[in-house]
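What follows is one structure encoded as structure tokens, with my remarks underneath.
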Amino acid sequence: MFSFALTILLDGLSYGMVLFLISVGLTITMGLMRVVNLAHGSFAMIGGYVAGYLTQHGMNFFLAVGAAVIVSGLLGAVVETTVYRPLYRKGELAQVLLTIGLVFVATAGVTEVFGAFPYNVKMPEYLTQPVDIGFRTYPAYRLFLIAVGAVVAAVLWYVIDGSILGARLRAAVDNARMARAVGMNVNVLFTGTFVVGCGLAGLGGAIGAGVMAMEPSYALKYLRLFLIVVIVGGEGSFKGSLVAALALGVIDTLGKYFFSQAASYLLYAAVFALLLWRPQGLLPAKSAA
Amino acid sequence: MKRFIRAAGVVAALALPMASASADVVKVGLLADFTGAFAVWGSQFQQAIKAYQEVHGTKIKGPDGKENEIQFVYRDLTSAGPEKAKQLAEELVLREKVKFLAGFDLSPQAMSVADIATQAKIPTIIMNAATASITRGSPYFVRVSMTIPQHGAAAGRWAAKNGVKTAYTIVSDYAPGYDAENFFTKEFEKGGGKVIGSERSPQQETNYAAYMEKVLRAKPDALFMFQPAGSPSLAFVKAYIERGLKAAGIKLIGTGEMQQIFLPQFNDDAIGVVTSFHYTETNKNPENIALRAQLKKMFGQDADADIASVAAWDGTDLIYQAVAALGPSADGLKYVDFFKGKKLNSPRGPIMIDPDERDVIQNIYIRQVEKRDGKLVNIDIGQEDMVKDPWKLENPAKK
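As they're listed, the protein sequences go chains C and S. When we follow the numbering used here, the leftmost residue of the first sequence carries the number -15, and every step to the right adds one. When we follow the numbering used here, the leftmost residue of the second sequence carries the number 14, and every step to the right adds one.
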């Protein structure tokens, strides 16, 4: 019984970690910049395709993932300064229209370059095998996902809660106008956060390709999951997105295991219940609305 | 005057090719997805048709000795719904005056043109759509591809005969998945096996951890899958290996998941997966070797034949034979009668059009993934001769 519970927990956590890596950037940019960025999944997709292309052409998996993070981040920097910046002062409708347009552009671009087939990120041999973890054998790949997610979460936690940069970030999320008034360069903070968020999405896309497979429709197909993480976690809340992503991963796995007939609805029912309970999300970032 | 002469010259020059094209043109309207999520089907159909026309020419002599030109008119369904297929089929029939319709990668597309085919008396060659009941939709429908129950039933019989005592099934949660589950289970249990658990996974699923865990705990001899070819099928096989089901000795049995086009995405762990299918790329039929060579010659080394190519090749062959036998302007039902009971040497092996149901009767091959010359390929390890669609045997047509 214990081993069974632990297995479900591991399955749920590994899936949740992928959701977390991809969504954490989105939650902070939505909280910080108030931009409804529906194109966020495109950065994860591009990261995944870059890693796929490089590993299929013989590059070491970890180097390829590094390259994926850098490409997604750089692309984020370019897009933020050229496309997103004029958007900050526009209304939400304009943001939704433009960013969903970017999703279509990314989808068409990926189809053109890599074709309509699903695209494989080649993992090293030892990650595709089960390993012995004492009480059973378990997929090495999923342990790897949990480890990477945990390290990233710890680093972010330290930066956001323990560093001066994090203090500024939290201040800007709480009240951007006041932050500007006391002399902080909120624009640079925006760009920096956006780039890091895109880079993390690229990381999640690349290493998570074994759970959420790369295909041209990726950015649209998983968009609702990323948005759910943001909304359930609470906009702008890093800790919230971690808790929400892990909880959704575990709920999804439990649902598939025990109520597989209803698994596709169960997740949404859970989200519905959570939001009725806490409309602002689990751990909202803002002290005052 | 000068002007007139020049004008006359232009007119003559324009008229010339028309005059020389004395051959009757037989138009075939081909409806398939050339863009969007299912774009790969349209291009595979088109390449095979072009290859056929390259080998056999575009002109064919009718029974009266006059030449007829076979011309394909392509329309893109853009991976949109069946409404689009209906609308474009109408356009092809009314404006282009096509004599035949062909193509249809997805079942709803084929079903949506049933009324048009019947009313306009247009013989319609279905080159993929695999829902069993489709050919009952119109007396003008003829299918050259496959039905899902053909694969599922043969897989069940093979498993029962080859030492599999217990099986678990996981199929995708849509109609073809239920067909596969139903016919696998029926034939497997008829042969003495027992299905000890079954699951239906969402159509777009790529996270199979919980499903695999359940199977691992149930410890069956084999796991039968039916997953849409693409990211779900790839993720499924990977999860099977990753979670140690292979290591635990649970055999994986499927249908279309291990088609050659997907094999490069797997590593050597996929060796040993058994599938039940109607076309094996490594078969030694001369027609298969010729088709593959022709595709590579025309479209480059990456061009490969798959079930779409084979069905389009055979469908084109049927149309050529019909025009040769009946000429360019026979009645629609005459063409259909000609197709009934027709036997072809397809690249997949021998096939026949069922005289009663106008559906394909063909060998089902049991294949296993193996490694040859450093590449993963499917190798035939068994076959069932001339399998009729089991769904139709169970659901006889109402007279």
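Note that the Cβ used here is the ideal one computed from N, Cα and C, for glycine as well. Because the structure is a prediction, the values reported are computed rather than measured.
Nearest-angstrom beta carbon gap, residue j and residue i [assumed within contact, 8 Å]
i: Ala242 of chain S; j: Ile266 of chain S; result: Wrong, their Cβ atoms sit about 16 Å apart, outside the cutoff.
i: Phe174 of chain C; j: Leu16 of chain C; result: 7 Å
i: Val68 of chain S; j: Gln307 of chain S; result: 6 Å
i: Tyr72 of chain C; j: Val19 of chain C; result: 6 Å
i: Thr13 of chain C; j: Asn21 of chain C; result: 6 Å
i: Ser248 of chain C; j: Val8 of chain C; result: Ser248 of chain C to Val8 of chain C, Cβ: 25 Å. No contact.
i: Leu274 of chain C; j: Val53 of chain C; result: Any property of residue 274 of chain C remains undetermined from this structure, which presents chain C solely from -15 to 273.
i: Pro245 of chain S; j: Gln278 of chain S; result: Not quite, the Cβ-Cβ distance comes to about 13 Å (not below 8 Å), so this is no contact.
i: Leu43 of chain S; j: Ala102 of chain S; result: Contact flag wrong, Cβ pair sits at about 11 Å.
i: Leu129 of chain C; j: Ile191 of chain C; result: 6 Å
Inter-residue Cα distance where the pair is residue i and residue j
i: Val67 of chain C; j: Ala185 of chain C; result: 18 Å
i: Lys356 of chain S; j: Ile209 of chain S; result: 40 Å
i: Gln264 of chain C; j: Arg156 of chain S; result: 56 Å
i: Val214 of chain C; j: Val2 of chain C; result: 14 Å
i: Thr71 of chain S; j: Tyr87 of chain S; result: 16 Å
i: Ile161 of chain S; j: Pro189 of chain S; result: 6 Å
i: Thr83 of chain C; j: Gly32 of chain C; result: 20 Å
i: Tyr207 of chain C; j: Met29 of chain C; result: In the sequence on display, residue 207 of chain C carries Leu and not Tyr. Computed Cα separation, rounded: 11 Å.
i: Ala410 of chain S; j: Asn376 of chain S; result: 23 Å
i: Phe4 of chain C; j: Asp402 of chain S; result: 47 Å
i: Arg276 of chain C; j: Phe45 of chain C; result: Not covered by the structure: residue 276 of chain C. The range shown for chain C is -15 to 273.
i: Gly189 of chain C; j: Leu59 of chain C; result: 15 Å
i: Ser185 of chain S; j: Ser214 of chain S; result: 5 Å
i: Val143 of chain C; j: Gly150 of chain C; result: 5 Å
i: Lys405 of chain S; j: Val34 of chain C; result: 48 Å
i: Thr65 of chain C; j: Val234 of chain C; result: 37 Å
i: Ser359 of chain S; j: Thr91 of chain C; result: 37 Å
i: Ala61 of chain C; j: Gly176 of chain C; result: 8 Å
i: Ala261 of chain S; j: Ala283 of chain S; result: 15 Å
i: Lys97 of chain S; j: Lys347 of chain S; result: 28 Å
i: Gly78 of chain S; j: Ala343 of chain S; result: 15 Å
i: Asp145 of chain C; j: Glu212 of chain S; result: 45 Å
i: Leu135 of chain C; j: Lys232 of chain S; result: As written in the sequence, residue 135 of chain C is Val, which differs from the Leu given in the question. For Val135 of chain C and Lys232 of chain S, the distance between alpha carbons rounds to 35 Å.
i: Ala231 of chain C; j: Pro123 of chain C; result: 21 Å
i: Glu300 of chain S; j: Met365 of chain S; result: 16 Å
Cβ neighbours of residue i in the same chain (closer than 6 Å, five flanking residues each side left out)
i: Lys134 of chain S; result: Gly345
i: Ala166 of chain S; result: Phe196, Glu200 and Pro403
i: Gln113 of chain S; result: Sequence inspection shows Phe at residue 113 of chain S; the Gln mentioned does not correspond to that position. Taken in chain order, the residues that qualify are Val41, Pro136 and Ile332.
i: Ala193 of chain C; result: Gly32 and Val105
i: Ala173 of chain S; result: Phe201, Gly204, Gly205 and Gly206
i: Tyr125 of chain C; result: Leu111 and Gly194
i: Asp367 of chain S; result: Ile374
i: Ala61 of chain S; result: Ser322, Ala325 and Trp326
Cutoff 7 Å; reference residue i; Cβ partners in own chain excluding five residues on either side
i: Val177 of chain S; result: Gly206, Asp234, Ala235 and Lys264
i: Gly75 of chain S; result: Asn81, Val336, Ala337, Gly340 and Pro341
i: Leu209 of chain C; result: Leu3
i: Phe351 of chain S; result: Ala335, Ala338 and Leu339
i: Val38 of chain S; result: Glu82 and Gln84
Those residues which DSSP pairs with residue i across a bridge
i: Asp344 of chain S; result: Partner(s): none; Asp344 of chain S has no beta bridge.
i: Gln396 of chain S; result: S:Tyr378
i: Met365 of chain S; result: S:Lys356 and S:Ile374
i: Ala45 of chain S; result: S:Asp89
i: Tyr103 of chain C; result: C:Met198
i: Thr121 of chain C; result: C:Asp116
i: Asn81 of chain S; result: S:Asp37 and S:Ile73
i: Leu236 of chain S; result: S:Tyr181 and S:Leu265
i: Thr288 of chain S; result: S:Gly267 and S:Arg380
i: Asn391 of chain S; result: S:Val382
i: Lys207 of chain S; result: S:Thr179
i: Ala115 of chain S; result: S:Leu43 and S:Ile138
i: Val349 of chain S; result: BP columns for Val349 of chain S are empty, so no partner.
i: Arg213 of chain S; result: S:Val184
i: Phe312 of chain S; result: For Phe312 of chain S, which the question treats as bridged, DSSP gives no partner whatsoever.
i: Arg156 of chain S; result: S:Ile139
8 Å CB neighbourhood of residue i in its chain, flanking five on each side removed
i: Arg256 of chain S; result: Ala222, Met225, Glu226 and Leu229
i: Phe154 of chain S; result: Ala123, Ala127, Ala130, Thr137, Ile139, Ile147, Thr148 and Arg371
i: Arg120 of chain C; result: Ser(-13) and Thr(-9)
i: Gln273 of chain S; result: Glu294, Asp317, Asp319, Val390 and Asn391
i: Gly94 of chain S; result: Pro121
i: Ala246 of chain C; result: Gly239
Exercise for the section: Would you be able to state if there are at least three C-beta pairs under 8 Å between the segment 394 to 401 of chain S and the segment 375 to 382 of chain S? Expected result: The segment 375 to 382 of chain S makes contact with the segment 394 to 401 of chain S; the number of CB pairs closer than 8 Å reaches 3 or more.
Practice task
Assess, as a yes-or-no matter, whether the segment 305 to 325 of chain S is touched by the segment 283 to 295 of chain S under the definition of 3 or more beta carbon pairs within less than 8 Å.
Solution key: Yes, they touch.
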